[in-house]
Amino acid sequence: MNNNDITGFIIDCLTDPGNRDKQAALNKWLEESEENRQLYAELKQLWEAAADVPPMPFNVQEGWQELSQQMAPAARVRRMFPWKPVAAAVILLLLVAGGWWWQTSRNAWITYATPTSDIDSLTLPDGSTIHMKAGTSLSYRKLFKEREVRLLQGEAYFDVVKDPQRQFLVVADKSTVKVLGTAFNVRIESTFTEVIVFEGSISLHSGGKKLVLSSGSGNLATVSRNDDEIRHPIGNYSNQCAWATKELVFENEEAENVARVLAAHYHISEIKVVENLRHKRITLRLHNTPQDEAMAIFGAVLDQ
Amino acid sequence: MTQDGYHISAEEATEALRSRNAGVFQKIYTAYSEELFLLAYRWVKDNDLAKEVVQSLFAHLWEKGQQIEITGNVRHYLYRSVTNRSINELKRQSRNVSEEVLQWRADDASLHEITDHLLLQREIVRLTQGLAPRCREIFLLSRFEGQEPAEIAERLGITVNTVYFQLAVALKYLRTHLLDGKKLQ
């Protein structure tokens, strides 16, 4: 018997345990070698483990989305309405404690975590906006007199309103980004923190060192969690902010690279470029462009 | 991100529930929800009900996070919770509660054994995605839906031999990808 026949034979025996002829043949084969016994044991375990698997697979993504809808803060507020008498008492208590509250709330922080698996955004009291990827959390000063945000985890893009009187601070792990008015992306990873400047410039502080970072080439820096070392590679990394800015710019780049970035941005598995055009250098600017239109533009530029 | 969830300790998980840290909570969900679904299905034998058990457990953890203290191993804590919820749900719906679940003891040895079993099942579910469509269909009918080879042959209008052949292909594929020639257990 070849290997396929053996597997078929074993399945035959597993599905027909009452057939004595088959069981006898199986026992004879099992007695032949240790190898046979092991193969049988493995196949039997797989066969049986697969038997009580649910007919429909569990979709983790979908499940999380359903769950996060239940987790939305609005739902919790609604549930508090039957508690009116309690609320009245709480209000009274709040009035009494008002003076004390006023003192302490000046230092209070608000923590915000993206509730869904989608990109989320938040407008701060000064009008600056933050875009956040799923799984991001941050906190900011409640009274935003001092413009200070702490990125706790994940990735966020900051579009900061200009205010020459008040600097804007973003603290991420051991790094601090200081700006007056500009747009930049901060991402916390397990071993490093990364900053990309999309517009204007910022100053990055970490472990006593300082680096000024401006948009355009050389606009990315990373700070290692281990030793606070700042790395500042060459190149323009603005397209990595496209998830928030919806803007993609390619200048004199190989078609193959452009196709890869576009595919990632629009969540397409692959964009095929014909062999002889792969290394063609193209320049392309897309702003808030729907996928179909982007593909048409890319095709047209390729054919030029 | 998927991988990180397994390294979250009981203390970190408890802290995340207290501070309503959605990021960490999502990691825990992403890491464990699928195997918890498989465990719930093992007890309740009903797709929708199994999913409901898992979802309501996580909704409960989020809602009541302030009062919850996770101790020991996070996975084991979740396994115990899902098992208790499954039993309660079966009782509430006046369904038959199997001896297996009532007899099941949540000691370390049983927990490790069932973890291995559920992770094997999870891999099987994932790997079946890689089978050729016809082969996959036949394997799912046989294993997940428990149909006899003769029934499958009739349903699909093919010979019983073809069914055996495709089942053998599927099983060999699983064995090679899963065990990599290594010994089980």
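For the protein sequence lines, the chains are A and B, in the order given.
If you number the first sequence the way this note's numbering does, the last residue is 305 and the count never jumps.
If you number the second sequence the way this note's numbering does, the last residue is 230 and the count never jumps.
Idealized CB from N, CA, C, for every residue including glycine.
Asked	Found
Unbroken beta strand (DSSP E) run spanning A/Glu-255, endpoints	248-255
Touch test, the stretch 99-110 of chain B against the stretch 174-189 of chain B, Cβ-Cβ under 8 Å, three pairs minimum	no
Completely contained beta strand (DSSP E) runs for the stretch 148-178 of chain A, where each covers 3 or more residues	148-160, 169-173
Per-residue contacts from B/Leu-212 into chain A (C-beta, under 7 Å)	Ile-12
Assigned secondary structure, A/Ser-204 (DSSP; H/G/I helix, E/B strand, else coil)	strand
Straight-line Cα distance separating B/Glu-56 from B/Gly-68	16 Å
A/Met-353 in three-state terms, based on DSSP	In this structure chain A extends from 2 to 305, so residue 353 of chain A is not present and cannot be described.
Length of the line joining the Cα atoms of A/Gly-1 and B/Leu-212	With chain A represented from 2 up to 305, any question about residue 1 of chain A goes unanswered, as that position is not in the structure.
Three-state class that DSSP yields for B/Thr-116 in the structure shown	coil
Check: A/Ala-184 C-beta below 7 Å from any heavy atom of the ligand MN	Only the bare structure without any ligand can be found here, which leaves the ligand MN out of the picture.
Collapsed DSSP secondary structure at B/Thr-128 in the structure displayed	helix
Residues near A/Leu-287 by beta carbon distance below 6 Å, same chain, minus five either side	Leu-249, Ala-295
Reduced DSSP secondary structure (H/G/I, E/B, other) of A/Phe-299	helix
Residue range of the alpha helix (DSSP H) that includes B/Ala-55	55-63
Alpha carbon of A/Val-150 to alpha carbon of B/Leu-84, nearest angstrom	42 Å
Spatial distance of A/Ser-129 from B/Glu-134 (CA atoms)	48 Å
Reduced DSSP category for B/Thr-207 - H, G, I as helix; E, B as strand; rest coil	helix
Selection from A/Val-171, A/Val-178, A/Ser-225 that minimises the alpha carbon distance to A/Glu-190	A/Ser-225
Pair within 8 Å by beta-carbon distance, A/Asp-121 and A/Thr-112	no
Whole-Å CB distance - A/Asn-237 paired with A/Ser-218, under 8 Å assumed	5 Å
Residue span of the beta strand (DSSP E) that contains A/Ser-118, given as start and end	Here A/Ser-118 belongs to no beta strand (DSSP E), and DSSP marks it neither H nor E.
A/Val-262 to A/Ala-297 span [Cα, whole Å]	16 Å
Start-to-end residues for the beta strand (DSSP E) that takes in A/Ile-189	184-189
Three-state secondary structure assigned by DSSP to B/Val-142	coil
Supposed close pair A/Val-161, A/Val-180 - CB separation, criterion 8 Å	6 Å
Within 8 Å, strictly: CB atoms of A/Asn-37 and A/Trp-30	yes
A/Tyr-141, DSSP secondary structure in three states	strand
CB contact below 8 Å: A/Gly-155 versus chain B	yes
Identified DSSP bridge partners for A/Tyr-113	A/Leu-139
Proximal chain B residues relative to A/Pro-56, where beta-carbon distance stays under 8 Å	Asn-92, Leu-185, Phe-189, Glu-190
B/Arg-130 to A/Ser-118 span [Cα, whole Å]	26 Å
Euclidean distance between Cα positions of A/Thr-183 and A/Asn-220	13 Å
Interfacial residues, the stretch 54-71 of chain B to chain D, with Cβ spacing under 9 Å	Considering every chain present, this structure includes no chain D. Its protein chains are A and B.
Cα-Cα separation between B/Gly-202 and A/Leu-15, rounded to whole angstroms	23 Å
Beta-carbon contacts of A/Ile-11 that lie in its chain and below 7 Å, excluding the five residues immediately before and after	Tyr-41, Leu-44
Contact with chain A by B/Arg-130, beta-carbon distance below 8 Å	no
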